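One structure is given below, encoded as structure tokens.
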Amino acid sequence: MSDFSKVSDADLLKMYQQASTPAAPENSAFAKMSDAELLRQYQAATGEGYKPPFGMQMMGNAGAGLIRGAGSVASTLIDAGKAAAGVVKGEGWNFQEDAGRRKAMDDAFASVGVDPDSAAYKVGKVGGEVAATWPVGGIFGKVATMAGAPALGNALATGGMKAAGAVGPGVAQGAKNLLLRGLGGAVAGGASAGLVSPQDAGTGAAIGAALPVAGKVAGAGAETASALLRPFTAKGQDRITGNVLREFATDPEAARAALQASRELVLGSAPTSAMAAGDTGLAALSRAMQNANPEYASSLAARTTAQNQARTAAIEEIAGNTGKIDLAKAARDELTAPMREAALSAAGQVPTNGILSSIDRLLADPNNAGKLSQQALTEFRNRIAQFSKDGAIDARALYAIRKDINDVLGGRLQGEAGNLRYAAGQLTGVKGIIDDAIDQASRRVPASTSRELATAATPNQAGPYTAGITADSATPTWRGYLETYAKESIPINQMKKLDEILKQVQTGSVDSQGGLVLSAAKLNNLLKNKGAELGKELSAEQMDVLRRIQADLNAGQLVNNTGRAVGSNTLQNMAQNQILESALGKTLGGSVPMQTTVGRLMQLPYGTANKQLQEKLSAAMLDPETAAKLLTQPQTFSGPKNALLRGVASGAYRFPPLLAAQD
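In terms of this note's numbering, the sequence shown opens at residue 49 and continues consecutively.
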């Protein structure tokens with residue numbers, strides 16, 4: 049739409065006549081004006097005409113300012129280019145700023161309705177200058193980084209906002225970091241201001257160098273003010289507690305992940321946070337808290353007792369005490385005794401020629417030439433021959449000899465007879481010969497007699513391992529009896545073994561309830577040296593219980609034996625300690641003299657807050673879920689939203705030096 053759309057026809061005619069009348073030469077300049085200039089002259093003379101809304105005018109001024117700011121840098125670069133051309137021609141460096149070019153840009157914008165004196169135009173101009181000079185620090189930073197000075201490169205790239213990614217402890221390290229930031233701010237600020245207005249480069253450098261120090265002081269003051277109030281609020285106490293956990297944790301991120309995944313390895317043995325995290329730093333914190341906080345020490349002792357009782361109960365549940373084992377034996381014998389008696393009665397007189405001949409072959413075997421082997425084989429051959437009559441032996445006498453062999457193999461005999469157990473392989477062979485002879489003899493019984501013997505057994509009686517075969521529904525052979533007896537003995541043997549294991553891993557120490565304390569070292573050694581053997585004797589579920597108890601014990605052992613504990617003062621005065629570190633820095637504010645002198649003076653106003661903080665920290669150390677919530681990572685600038693915040697923060701360091709370069 050033309051700018052004359054609001055002018056009446058009469059006024060347009062009047063303006064045309066004034067521009068074209070020969071009699072008015074003083075007005076002939078109008079003939080060379082553009083439509084926009086004619087409209088501006090008319091509005092100035094009459095005070096009338098179209099005015100855009102305020103918002104649109106402000107946006108237009110700001111947009112024009114942005115272009116004008118970039119134009120300042122472009123103008124400087126043009127002048128520098130001319131000076132460089134002079135050097136090439138041999139005329140030397142002669143930089144002359146063309147002030148007229150800058151004024152011409154302002155006049156050009158004014159001619160189209162922009163107000164160069166408006167605040168929006170000036171702000172936009174500085175914004176354009178910041179945008180145009182933004183790459184300057186990055187270029188210098190890359191050069192410094194390539195030259196082997198990454199910290200300086202970072203300071204240059206950020207205009208002094210930061211240098212090293214993480215500042216080491218100590219005053220010297222902090223001063224070095226601040227010096228690098230000041231140098232980076234000076235170079236970036238001076239170069240940026242010089243691109244806008246070369247004569248103001250020095251002022252821009254001074255401002256850029258001062259910004260990191262001013263920012264450090266302002267930031268420390270704000271943080272200290274916040275730290276003074278933090279101990280009195282719930283969120284503030286959460287933050288302080290989380291900071292303590294994060295400070296002590298060797299690997300805070302790994303510790304938090306482990307805490308979040310925490311579970312009871314043994315039912316009733318609730319892990320502490322140090323146990324669940326498996327972190328040596330938190331283990332050291334736990335031990336320090338025992339010295340600093342009697343309430344925590346008492347709670348931890350109660351937790352330790354509960355853990356020991358839960359572990360012991362877990363073994364006792366799958367093991368057997370004397371009463372349980374006796375009941376299981378009675379049930380087994382009640383089932384199998386009738387089967388054994390029926391089979392022995394059916395066997396009657398067992399031929400001994402085959403038995404003795406088999407033992408003679410064992411005696412003649414060169415592999416059995418050893419003294420103990422010969423002694424063991426001869427001992428039981430003579431016993432069998434002694435009780436034989438007319439080439440046969442009563443089945444019950446043969447069974448009694450078989451039980452003696454079991455006593456030898458089980459180590460239940462002492463003295464010379466006990467030494468025969470070292471011929472276990474040979475005696476096991478003799479026992480097999482006896483079992484074969486009794487079994488064959490038991491199968492010779494006529495069917496009618498077998499049925500009579502079978503009905504003498506207890507009717508409808510079966511154990512869990514007989515697969516439904518009852519004493520009065522199966523032919524009473526000796527082999528059938530042995531198989532049933534062996535199957536019914538499996539849980540009894542497992543209970544005995546687990547009862548032995550429990551006694552082996554217990555120590556002479558007792559917990560607060562009088563229970564014997566289990567030893568992690570003893571269980572570790574047992575499973576390491578005999579784990580494969582136990583795996584054959586115990587069920588997979590029973591081995592899993594032992595493995596979980598082992599892991600639970602080892603987690604508790606880590607808390608007791610690893611990490612270096614700190615002084616109790618650190619944990620008793622958490623409120624004032626974080627204030628001192630905020631105000632004076634971690635090195636000075638966290639020093640023992642500062643915390644014991646100034647910190648003691650602050651005890652009165654923060655005494656109650658310190659007790660609340662200790663309670664909160666104790667609760668976190670006893671509950672992995674609470675610790676995981678508190679052990680959060682500090683706020684980091686990541687993601688799209690925080691990328692914008694980083695840009696704003698960096699811009700805040702680049703903006704002030706350019707204020708000194710305004711024309």
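Where is the CB? At the ideal position from N, CA and C, for every residue including glycine.
Please read all numbers here as calculations on a predicted model, not as lab measurements.
A Cβ-Cβ distance of about 6 Å is found for the pair L679 and A303, placing them in contact under the 8 Å criterion. Here D592 carries a helix assignment [DSSP, helix/strand/coil]. At least 7 Å separates the beta-carbon of A258 from that of G237.
Assigned with DSSP and collapsed to three states, S557 falls in strand.
V593 is the residue among V593, D671 and L661 whose C-alpha sits nearest the C-alpha of E365. A residue is called buried once 16 or more other Cβ atoms fall within 10 Å of its Cβ, and T525 is buried on that count. Annotated three-state conformation of D163 is coil, per DSSP. For G201, the closest C-alpha among the options A195, G189, G207 and L307 is that of G189. Residue range L564 to L566 is occupied by the beta strand (DSSP E) that includes L566.
Proximity to P319 across K419, Q422, V607 and K535 peaks at V607, based on C-alpha coordinates.
Between D559 and T360, the C-beta spacing is not below 7 Å. In this structure L575 is buried. Its beta-carbon is surrounded by 16 or more other beta-carbon atoms within 10 angstroms. Closest option to E673, judged by alpha-carbon separation, among S310, E295 and L571: S310. Following the DSSP letters along the chain, one finds P279 in no alpha helix (DSSP H), marked with neither H nor E. Rounded to whole angstroms, Q561 and L348 show a C-alpha spacing of 14 Å. Here L125 has L243 as same chain residues with Cβ atoms under 8 Å from its own Cβ, once five neighbours each way along the sequence are excluded. For P198, the uninterrupted alpha helix (DSSP H) run begins and ends at P198 to A205, by DSSP.
Taking 7 Å as the cut-off, the beta carbon of A362 is found no closer than this to the beta carbon of I540. A direct Cα-to-Cα measurement between K664 and N341 gives close to 12 Å.
Remark: C-beta atoms of S317 and A358 approach each other more closely than 7 Å. Of I549, D547, M387 and L566, the smallest CA-CA separation from G556 is found for L566.
In the structure shown, the three-state DSSP call for A367 is coil. Your pair I441 and I432 checks out as a contact, with CB atoms roughly 6 Å apart and the cut at 8 Å. Inter-residue distance for A569 and R469 is about 31 Å (C-alpha atoms, whole angstroms). Exposure of K551 is indicated by the presence of fewer than 16 other C-beta atoms within 10 angstroms of its C-beta.
Between G175 and the set G473, E589 and G117, the nearest pair of CA atoms involves G117.
Per DSSP, the continuous beta strand (DSSP E) segment holding D442 begins and ends at A440 to D442. Close CB contacts of R380 within its chain, under the 6 Å cut and outside five residues either way in sequence, are with E536 (chain order). Restricting attention to I115, A158 and G138, the CA atom closest to the CA of K173 is found in I115.
According to the DSSP assignment, P672 belongs to the alpha helix (DSSP H) that extends over P672 to L678. Three or more Cβ pairs closer than 8 Å define a contact, and the segment 410-422 falls short of that threshold against the segment 366-376. In the same chain as N356, and ignoring 5 residues on each side of it, the C-beta atoms closer than 7 Å to its own belong to D559, G563, V565 and L566, in chain order.
Out of T206, M194 and K224, the CA that lies nearest to the CA of P183 is found in T206. In the structure shown, the three-state DSSP call for V398 is strand.
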